[in-house]
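Input: a single structure, listed below in structure tokens.
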Amino acid sequence: MMTPRVACDSWFRQSVWMGGCTRCMMLSVLLAGAIQCHASGVAGVDPPPAARASTDDSLSMNIDSPDALRALEVRLRALAVKVRPAVVGIVFTDDKGVELGSGSGTIITADGWVLTAGHVAQQPGRKASVLLADGTALTGVTVGAHFGPDGDVGLIKVATGGRVLPVVPMGKSASLATGDPIVAFGHPLGPERSPWRPPPLRFGRVIGRDGWRLAIDAPLSPGDSGGPVFNLDGELVGVNSEASERPDLNMAASAESANARMDIMREGLATGAYLADPTKDPVAVAAELRSGADDGEDADPNDGSDARAGDTTYARKEQADRHANTLEMLAALTDPYADSIVSIIVDSRDACYGVVIDDEGHVLTKASELGTGARRIDVLLGDGLSVQGKRVAVDSALDLAILETGITDVTPIVFDVDTEPELGDAVISVGRGMAPLALGFRGLGVYVSGGSDGASRAYLGVAMRQPTDEERAAIPGGVGQIVSAVMPGSGAAEAGMVDGDVILRIDGVVAATPESAASPIRSHAPGEQVSVEFMHSGERRTVSMRILRPPFGEQRVALAGGAILSRRATGFGEVIQHDSIVAAQNMGGPVVDSRGRVVGLNIARADRMKTYALAAKRVRASIEAMLARVQAGDVMPPDDPSVGLPVVEFAPDGFARLGVSNGRALGPTNAVVSKEKDGEKLLGGWADADDVAVWKVRLPAAGRYDIVLDVQGVGGGKVDVFFGDDLMTVHVPPTREFGLLRVGESVSSVAEELLLRIQPLGRPQAPLMLLRGVVIQRTDQLRMAEAALPLLRWKDFERFKREWMREERRKEREAAREKMKSEMKSGAGAAAVPGAGNSNEEQGRP
């Protein structure tokens with residue numbers, strides 16, 4: 070039996086190349102497999118003896134107290150000033166200016182040599198735009214690269230134009246021990262140029278070493294490839310290479326591996342197994358070769374690997390213990406606020422956190438996680454008590470909401486409006502326990518969200534273009550955008566918008582350019598409504614349209630890296646971007662600084678490497694504005710999703726049939742789609758916890774009613790079906806065709822109008838089903854007949870029909886058997902009578 074590979078490929082089997090945020094992100098695949106580790110780090114790697122024995126506090130910077138944390142902040146602030154000017158963004162385009170991919174790099178010489186990853190540089194002679202830390206664009210060209218199982222480094226030469234470029238010194242990764250701090254930079258998801266975003270800082274620690282690779286837990290994303298990894302002295306010790314499916318497990322090529330190939334790369338050579346064929350995409354080649362190696366065909370039993378059971382668990386436990394110990398040492402900073410934090414439960418789902426903000430029972434939370442008005446909101450206190458919450462005010466710009474709860478015995482949170490963390494300062498997320506929820510560091514200074522938040526951005530479903538001069542003359546005011554395409558199933562399609570219509574305003578903002586037309590949508594979560602003013606066939610219309618989550622599931626998964634992203638993660642204006650790994654269901658909780666002051670509120674998990682927080686002064690101003698409206702009597706009315714719905718009546722045959730045309734779809738992904746063959750309307754999507762469909766039904770009399778879904782399972786999963794006050798849950802299995810799926814039976818004591826509501830159970834991450842409709846059958850008449858005909862215990866008509874036919878066939882077979890028995894019995898009787906049944910010849914025999 071072949072010994073499984075561990076050192077290189079065990080890590081690679083669950084890693085993804087990060088380079089080229091617009092190209093490699095779509096090409097790369099999370100390769101299956103688990104990391105197999107030794108106690109000292111990743112992939113059976115032991116830190117060097119000298120590093121293991123290191124006791125230099127300047128290197129280890131153990132955070133064993135708030136004072137130690139403040140000392141680390143000083144180091145990080147100084148480090149950012151020193152090294153960030155040398156970090157660059159790299160963008161490749163074709164002859165027409167279309168972006169082919171992007172990555173990051175580091176200037177290592179004043180005359181313009183840039184070190185990056187081999188899978189970013191790839192082949193020599195590729196022209197690139199190299200963006201300095203201040204946004205200045207220089208021209209560069211790839212010179213050499215090495216990309217294979219034994220390395221991932223590349224070189225680019227920049228035309229400086231006489232400019233003296235900032236540089237950083239090369240260091241040695243061998244000096245780092247497991248647990249030592251590092252700082253990573255780069256341009257995650259590609260450089261943001263409008264407005265310019267400097268490369269963000271991410272703090273982490275060394276997990277282990279594997280030959281030429283350094284394993285770190287600083288969170289990285291596609292686009293970070295080629296970016297630098299520094300020690301706290303500002304020396305370049307690694308080059309970002311790969312990201313695993315977990316944001317806190319990533320790989321960098323060591324500085325030693327870059328130095329070893331520097332001369333070869335300067336000679337203009339492309340080396341390494343993955344660059345052997347210049348006509349093939351090296352990332353795809355790497356994935357293909359590793360996939361073959363995973364089959365065991367190329368595994369070498371003498372490669373030094375010795376995977377042992379439990380290694381993975383031990384290494385991850387070591388990392389988790391290190392994080393837990395650090396957080397425990399900082400408990401004094403967050404413990405005073407733990408009782409002021411509540412959990413917001415929406416229809417039995419953990420939605421987010423909230424904070425008590427006064428002694429009158431008002432709770433501040435994240436608005437977009439509360440769902441539609443059909444949802445029940447419960448507030449879970451620290452002592453386990455649960456009370457119902459009522460939404461009374463919303464600040465849609467900041468995605469904040471105030472709930473009225475009646476809680477009066479909890480100390481409210483006080484936001485420190487005079488303090489805000491700087492670049493490199495600690496941002497500590499407060500949880501509901503004694504210890505902090507997470508520790509991170511501010512990665513950017515002043516930053517306006519929206520430049521790279523595509524994973525959670527909503528869309529209207531139209532393509533727009535600037536009008537021609539002739540078209541502009543026909544537009545009132547001469548300002549607007551021409552609709553060039555409408556996506557089927559989108560909010561625009563639902564509202565009747567077609568090609569050639571003219572969008573004038575969205576939420577009151579004039580659509581002067583496609584960008585200005587899209588900007589108001591960023592301040593909404595998918596599933597919400599926007600007001601759109603547009604021209605249709607010369608008629609001016611204003612319609613409320615539902616915006617949806619883009620149907621690019623693979624991109625969302627790649628950006629999430631296995632995490633659940635916030636439903637709304639953009640459009641907040643200025644935010645504090647930090648590198649804490651905080652789950653979406655923990656948004657709405659406060660953040661404190663290294664002195665325990667409440668400096669903000671976590672508002673969004675935007676992607677795998679960043680969390681957004683709102684500064685305390687913005688949160689305080691929003692609270693005051695919302696409470697002023699509440700005190701003035703301007704309280705949000707209950708959101709009733711049934712308003713305007715037609716009432717579905719039962720047909721004479723005893724059935725009520727609910728379809729797309731007589732119901733209402735709500736939520737971020739629910740969309741009306743048409744079958745290609747006959748144009749039949751179906752309800753697709755069902756990929757978000759807040760997706761819901763509602764119908765209004767009139768029950769003709771008291772009695773029993775059976776509910777059946779006409780459905781095709783796509784990904785499959787559980788859905789909740791509310792029939793008035795009754796809740797039933799049913800599992801929708803993946804199927805190839807449509808079929809009837811029985812949900813259950815409900816009893817009504819009176820004739821009444823009620824709502825039937827369907828929604829996913831939990832947080833689905835992929836489309837769950839296609840729904841053709843719902844069939845409701847009145848079954849009380851069948852119940853009355855059960856005594857006479859027990860077969861009618863079947864409440865499903867289709868099942869009853871099959872059983873009835875089966876029973877009829879059984880009766881026919883029984884009748885045939887009885888007839889046969891009767892005939893046989895008659896024949897036997899005749900044989901017993903003398904002379905009966907004998908022929909004349911037999912009778913005349915002597």
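All the letters of the sequence shown, read from the start, carry residue numbers 70 to 915 under this note's numbering. All C-beta atoms, glycine included, are put in the ideal place defined by N, C-alpha and C.
The alpha helix (DSSP H) enclosing residue i, as first and last residue numbers
i	result
T403	400-403
A690	685-700
I333	331-335
A673	No alpha helix (DSSP H) holds A673; the beta strand (DSSP E) holding it covers 667-676.
H188	187-190
D428	First-last for D428: undefined, no H or E at that position.
Nearest-angstrom Cα separation, counted from residue j out to residue i
i	j	result
S711	G565	21 Å
W873	R826	32 Å
V515	I177	27 Å
D350	V425	54 Å
L840	G732	12 Å
L396	S498	10 Å
I672	R335	46 Å
Y774	E821	13 Å
R637	D759	12 Å
G204	G259	13 Å
H697	V660	Note that residue 697 corresponds to Ala in the displayed sequence, not to His. Cα to Cα, the separation comes out at about 25 Å.
T434	I482	12 Å
I276	I251	11 Å
P135	R274	18 Å
S374	I692	Residue confidence is low: S374 scores 34 on pLDDT, short of 50, so the model does not pin down where it sits. Its coordinate-derived value is still stated next. If you take the alpha carbons of S374 and I692, they lie about 58 Å apart.
P118	A246	With a pLDDT of 39 at P118, under the threshold of 50, the modelled position of this residue cannot be trusted; read the value that follows with caution. Each residue's Cα considered, the two are about 9 Å apart.
R195	G296	18 Å
F81	D494	Residue placement at F81 is flagged as unreliable, the pLDDT there being 30, under the threshold of 50; a coordinate-derived value is accordingly withheld.
A470	R689	13 Å
T382	A701	Caution is warranted here: a pLDDT of 49 is assigned to T382, below 50, making its placement in the model unreliable, and no coordinate value can be reported.
A327	L305	11 Å
V298	F254	7 Å
A436	D293	32 Å
R875	I633	49 Å
From the options, residue whose alpha carbon lies closest to that of residue i
i	options	result
P619	V816, A740, V579, M695	A740
I333	V716, A214, M556	A214
R666	F791, L399, S437, Q192	L399
T474	S263, S412, M678	S412
I776	R271, S171, G785, V790	V790
Residue i, enclosing beta strand (DSSP E) - first and last residue
i	result
D133	Where D133 is concerned, there is no enclosing beta strand (DSSP E), given that its DSSP letter is neither H nor E.
N319	319-323
D464	459-464
P297	297-299
M533	531-534
D789	786-792
S420	Sequence check: residue 420 is Ala here, not Ser. Start and end: 418-425.
P583	From DSSP, P583 is part of no beta strand (DSSP E) but of the alpha helix (DSSP H) over 583-587.
G341	Per DSSP, G341 belongs to no beta strand (DSSP E) and is neither H nor E.
Contact with chain D by residue i, beta-carbon distance below 8 Å
i	result
S173	This model lacks chain D altogether; it includes just one protein chain.
CB-CB length for residue i against residue j, believed under 8 Å
i	j	result
G530	G560	6 Å
V552	D570	4 Å
A355	Y343	5 Å
A322	V308	4 Å
D795	G442	With 8 Å as the limit, D795 and G442 do not qualify as a contact, their Cβ atoms being about 20 Å apart.
K226	W182	6 Å
N319	A353	Not quite, the Cβ-Cβ distance comes to about 21 Å (not below 8 Å), so this is no contact.
V548	A581	5 Å
T189	G172	The sequence given here has Val at residue 189, not Thr. Yes, V189 and G172 are in contact; Cβ-Cβ is about 3 Å, under 8 Å.
F199	I159	Note that residue 199 is Val in the sequence shown here, rather than Phe. Sure, about 6 Å apart at Cβ, within 8 Å.
Contact test: residue i Cβ vs the ligand FMN heavy atom, cutoff 7 Å
i	result
K435	Ligands in the displayed structure: none, and consequently the ligand FMN is not present.
Report task. Take every Cβ of the stretch 635-650, pair it with every Cβ of the stretch 605-617, and state whether three or more of those distances are shorter than 8 Å. Result -> Taking a contact to require three or more Cβ pairs closer than 8 Å, the stretch 635-650 and the stretch 605-617 do not qualify as touching.
Report task. Would you be able to state if there are at least three C-beta pairs under 8 Å between the stretch 409-429 and the stretch 151-162? Result -> no
Query raised in the report: Should the stretch 502-512 be regarded as contacting the stretch 452-464, the criterion being three or more beta carbon pairs within less than 8 Å?
Result: no
Report task. Indicate whether the contact test is met: 3 or more Cβ pairs, each with one atom in the stretch 486-505 and one in the stretch 677-697, closer than 8 Å. Result -> yes
Requested in this report: For the stretch 716-723 and the stretch 762-782, state whether three or more C-beta atom pairs, one from each stretch, are separated by less than 8 Å.
Outcome: yes
Query raised in the report: Below 8 Å, can you find three or more Cβ-Cβ pairs linking the stretch 750-762 to the stretch 813-820?
Result: no
Query raised in the report: Between the stretch 252-271 and the stretch 217-225, do three or more beta carbon pairs fall short of 8 Å?
Result: no
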